[in-house]
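Everything on this sheet refers to the single structure shown next.
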Amino acid sequence: MPDEADRVEVTASPTDVTTATDVTPGWGGSAGGLGVVGPPLLASRLSPAALPEPVLVRPRLLDRLDRGSAGPVTLVLAPAGWGKTTLLAGWARAVRGEPPPAWVTVEAGDTGERLWAYLAAALRAAADGVPGEGPQPPLPDGPPRPDQLELLAAALAARERPVLLVLDDLHRVTDPAALAGLEFLLRHTEGRLRVVAGARTDPPLALHRWRLAGELTEIGPAELAFTAGEVADLLVAHGVPLPAEAVPRLADRTGGWPAGLRFAALALRAQADPARAVDRFTGDQPDVAGYLRDEVLAPLDPAARDVLRRSAVAAAVCADLADAVTGRPDAGQVLADLAREGGFVQRDGSSPPWYRCQPLLADLLRDELDRLPADELGELHRRAAGWYADHDRPAEALRHALAAGEWDTATELLIARWPELAPYERDQPAAPAPAEPPAEAVRRDPELALAGAAERAYAGDAEAAARQLRRAVEDARDLPAPRRDRFRRLAVAVELTLARLAGDHDEVRRAAGRLLATGAPDGPVDDPRAGAAEDADVRAVAGTALGLVALAEGELSEAAARFAEALAGARRAGRPRTELVCASRLALLDAAHGALRNAERYAREALALPSCQGWSSRLDCGYAYLALALVAWDRDEPAEAAAHLTLAGPASAEPGAAALAALCRAGLLAAGGEPAAALRALVGARETAPGPELGAWLTADEAQLRAAVGDVDRARAVLVDAGAGATAADPSPTPGAVAGADPSRAPGSGWAGPEQRGAGGAQAALDVALARVRLRSGDPREAGRALPDWTGPDATAWPLSVRLSAGLLDAVLAGAGGDDRRAGRILEQVLDLAEPEGCRRVFTRAEPAVRDLLAAHLDSGTAHWPTVSDLVRGADERRADGRRADEPPERPAGPERTLDEPLTERELTILRYLQSILSNVEIASELSLSVNTVKTHVRNIYRKLDATRRREAVRRARELRLI
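Counted the way our numbering counts, the sequence shown spans residues 967 to 1929.
Structure representation (structure tokens):
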């Protein structure tokens, strides 16, 4: 018996009494009525699809459809399994008001006549019985003639309430003529007809017209993908007891693909240990593989499917690599076309772009690769190894060489490129482990086992790496002296990597010492295996490892010195991967210390390195973006700081970097009127911050923020508990000692030495914060006693922001004491320190009296007139807003933040990115959107903000306090 939802239903005419003689041919009658000739209509195609159980409501997407349906066209565009029909059906059932949305499910083979029969029935049902709307619009049952379209458009335009029409699976319409009439109605019904469509590919509609007009809302795979929170809700609905820490792993494993997550929920529900089963859930499981083969791969052209399968030999490919691996000159174009549809093939924002498959699809493609003949698979790996070796990607080259059984190539890669084989990312792309080299090959060439150990260590498989390292050492006992010395150096480098993977800082230091102690072996110049790594390589690798340990322990000065030395070595030896690690960390440390120009230079140099392309080195790039965020924040550019902080995500979870990210995030939250959230960020980071210096900076900021919101007693208690005031200085330091000084340093110099590490800067930050709190409580004498000597030689090791804050407070106290001339001299010294780095935040967030000092300084004369004038003007604008310079603003709400047409959540996100230096292509990559989608959002932003350029839109948004 057929399902009730699929029964054939005969629909009645509007009056329920229409006969054959009552129906004008082509007009107004019902396609299934008493007098209609032709096949009846399926009721199941005229009503929303049944929702899968259990039903998961996704408010953010329903709200997105609500906002989108206020415009003429909303398109939910994604490949199979991304939840388009489920979303549209849930939304259509939840829409309140009259009339409810009309629904049509398009089927393969629908002709224009058949499609219009359903459109007429759906629109007729939506228009029928709506109070106050008058007679039904004249609806043709087949493709309408031009005169019929005009009558219908006029009738729809005259309606008071719009008609919503949902078209599901619109990609099944292949004839543009079938939708020509619908396009005409959308253009000429004055917004009274609104279409919400779901499709796997672009339907045959002139979408570019609505994109250009900013009237097209697009929802793609990036928005349809489940967030970690939604994954957790889905698992609860399915009754899967998955621990919270495993939920993000499942979200990453499935790429947020809704169908994949439902398959996973069903599979995990039957497991005794769902958390462990998450890592075993792959795309080659029968249900998932069957779906992907039938719905994703089967519709592809055979050539496109072959390109996908062969390209899967690498975790990610660019066009050049895809051409090399597949042997097809058009492989890159094939991938570009597939990525344009989104969902299962993604592209990054680099130039040239890199492509990768959705994780479960990648599993399936690799499974298909493994079924190829061994010689054919080996050839793919050989091609990949050659390409990576030629493009400075030795780690990937080594893995493919080992997988291809190219033992000599693997050994030569280890010997020549070992410094670049140290892993610095937490999560390397998943890839199958190559088979271990055979025993006879290792006996002949022990370095081959070292190569296998290095490859496994790079992949994070410490157990396999240690096993192969032991094999290598056992077979290296009888090596001749020069080769044995070189072997020892390579083995120690692998030991250093294993110590880093284990998180054993003491062992890292010992291994780094052993590496530095290895001498450069001598040997016959005609023996390539007897050559030695340059001393620069040793210093680069050991110094980087020691710098990472120091940074993780919060020893910022030592970390900076180590990274500076390692960076010099990496550049001398020509090691771009090591250079990226050092430059990105050094950029962050310079930004924290106040050397903003150096920090910006290092960060941009790091981001320009090839290693940042193709989803690789995201952690290192995150450090560079975090450095740029701190630079922008110290220069009082909060919008730019927020945009860069968003891109710093991976680095924000690292020890040391997390504390600096919290300082920046808390400042932005406080400046945005969210002091409570800022305090939570500071307190949470302080609990886990390594080292005394980072903890002191967080405590100082916390205390000053508490004082700014009126909790002076708590602020004072926090500082005293942390040791503030223990080294109270003379409140009247000698001015002039620092005139013209520059606190920034060249790499490796100007920072506190190891004996000062963290002590001076940490104590100074606490003491300056205590002085500010005491001044706020109305006790300038005690504030002066707490203020440290910012002019002495020890102060050169302080962070620039601490030194500037101390100087400004000294000037304020001098002015309050009636010594205006001394206050002016001190202020000029502070400006001398701040100007070279462009540091402005200390002025804009300082005590209210600083504005008056700056204004007086303009009259008395200054070498920094443009800067001071700018600062005074900014202070006056804040004063006009009715708030102090150093207190958080009220969070804008209500009419102050409203527009005639509010920005959507996605538009607000993209608006924040528009403040950065990123192009539309790069923004699309960061948000996993298509470039066309980003361009559409940008046009909508311009229209809603009444702007014509990017800079104008950002300025307007700031005026409205949207950002």
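No residue lacks a Cβ here, since even glycine has one placed at the ideal position from N, Cα and C. Since this is a predicted model, take the numbers as computed values, not measurements.
Looking at the strands, I want to know which residues DSSP matches up with R1965. Residue coverage of the chain in this structure runs from 967 to 1929, which leaves residue 1965 outside it and unanswerable.
Could you tell me the alpha carbon to alpha carbon distance between A1416 and A1438, rounded to whole angstroms? It is Leu, not Ala, that sits at residue 1416 in the sequence shown. C-alpha separation (whole angstroms): 6 Å.
Can you give me the C-alpha to C-alpha distance between H1830 and L1611, rounded to a whole angstrom? 30 Å
Taking the alpha carbon of G1513 as the reference point, which residue from A1539, V1273, S1550 has its own alpha carbon closest? S1550
Is the segment 1045 to 1056 in contact with the segment 1216 to 1231, if contact means three or more CB pairs nearer than 8 Å? yes
Using only CA atoms, which one of R1030, T1071, L1007 lies nearest to A1016? T1071
Helix, strand or coil, according to DSSP, for G1164 in the structure here? strand
If you scan the segment 1583 to 1627 from start to end, which runs of the alpha helix (DSSP H) of 4 or more residues do you find wholly inside it? 1584 to 1600, 1604 to 1613
What residues match up with Y1321 in a beta bridge as DSSP calls it? V1283, R1313
Using the three-state DSSP reduction, which class does W1069 fall into: helix, strand or coil? strand
Indicate the three-state DSSP secondary structure (helix, strand or coil) for V1139 in the structure shown. coil
Mapping DSSP to helix, strand and coil, what is D1134? strand
Please work out which residues of its chain come closer than 6 Å, Cβ to Cβ, to P1765, disregarding the five sequence neighbours upstream and downstream, and give them in chain order. H1559, G1560, G1727
Touch test, the segment 1433 to 1451 against the segment 1470 to 1477, Cβ-Cβ under 8 Å, three pairs minimum: no
Quick check on R1259: buried or exposed, where buried means 16 or more other Cβ atoms within 10 Å of its Cβ? exposed
T1870 in three-state terms, based on DSSP: coil
Does the segment 1124 to 1137 come close enough to the segment 1105 to 1112 that 3 or more CB-CB pairs lie under 8 Å? no
Near D1912, which residues of its chain fall below 8 Å by C-beta distance, leaving aside the five closest residues on each side in sequence? R1922
From the DSSP output, read off the bridge partner residues of E1184. L1041
With a threshold of 6 Å on Cβ separation, who are the neighbours of A1673 within its own chain once the five nearest residues in sequence on each side are excluded? A1681, V1739, R1742
Locate the alpha helix (DSSP H) running through F1247, then write down its first and last residues. Looking at the DSSP string, F1247 is not in any alpha helix (DSSP H), and its letter there is neither H nor E.
What is the residue span of the alpha helix (DSSP H) that L1028 lies within? 1025 to 1034
How should H1174 be labelled, buried or exposed, when 16 other C-beta atoms within 10 angstroms of its C-beta is the threshold for buried? exposed
With 16 other Cβ atoms within 10 Å as the buried cut-off, status of L1634: buried
Just the C-alpha distance for V1002 and D1199, rounded to the nearest angstrom, thanks. The predicted model places V1002 with a pLDDT of 42, which falls under 50 and marks its position as unreliable; any figure quoted below should be read in that light. Whole-angstrom Cα-Cα distance: 48 Å.
How about G1309 and A1044: are their beta carbons less than 9 Å apart? yes
Cβ atoms of A1369 and P1398: under 9 Å apart, would you say? yes
Beta carbon of D1314 nearer than 9 Å to that of S1891: yes
Spatial distance of C1284 from W1320 (CA atoms): 4 Å
Roughly how many angstroms separate the alpha carbons of V1023 and P1214, rounded to a whole number? 20 Å
Leaving out five residues before and five after V1678 in sequence, what residues of the same chain have Cβ atoms less than 7 Å from its Cβ? V1739, R1742, S1743
Buried or exposed by the 16-neighbour rule on C-beta atoms within 10 Å, applied to G1706: Its pLDDT being 32, under 50, G1706 is placed unreliably in this model, and the value from its coordinates should be taken loosely. It is exposed - the Cβ of G1706 has fewer than 16 other Cβ atoms within 10 Å.
Residues that V1129 bridges to, as DSSP identifies them: L1159
For the 8 Å Cβ check, are there 3 or more pairs between the segment 1588 to 1606 and the segment 1379 to 1387? no
Can you tell me the Cα-Cα spacing of D1286 and A1328, whole angstroms? 19 Å
Going by DSSP in three states, V1061 sits in which element: helix, strand or coil? coil
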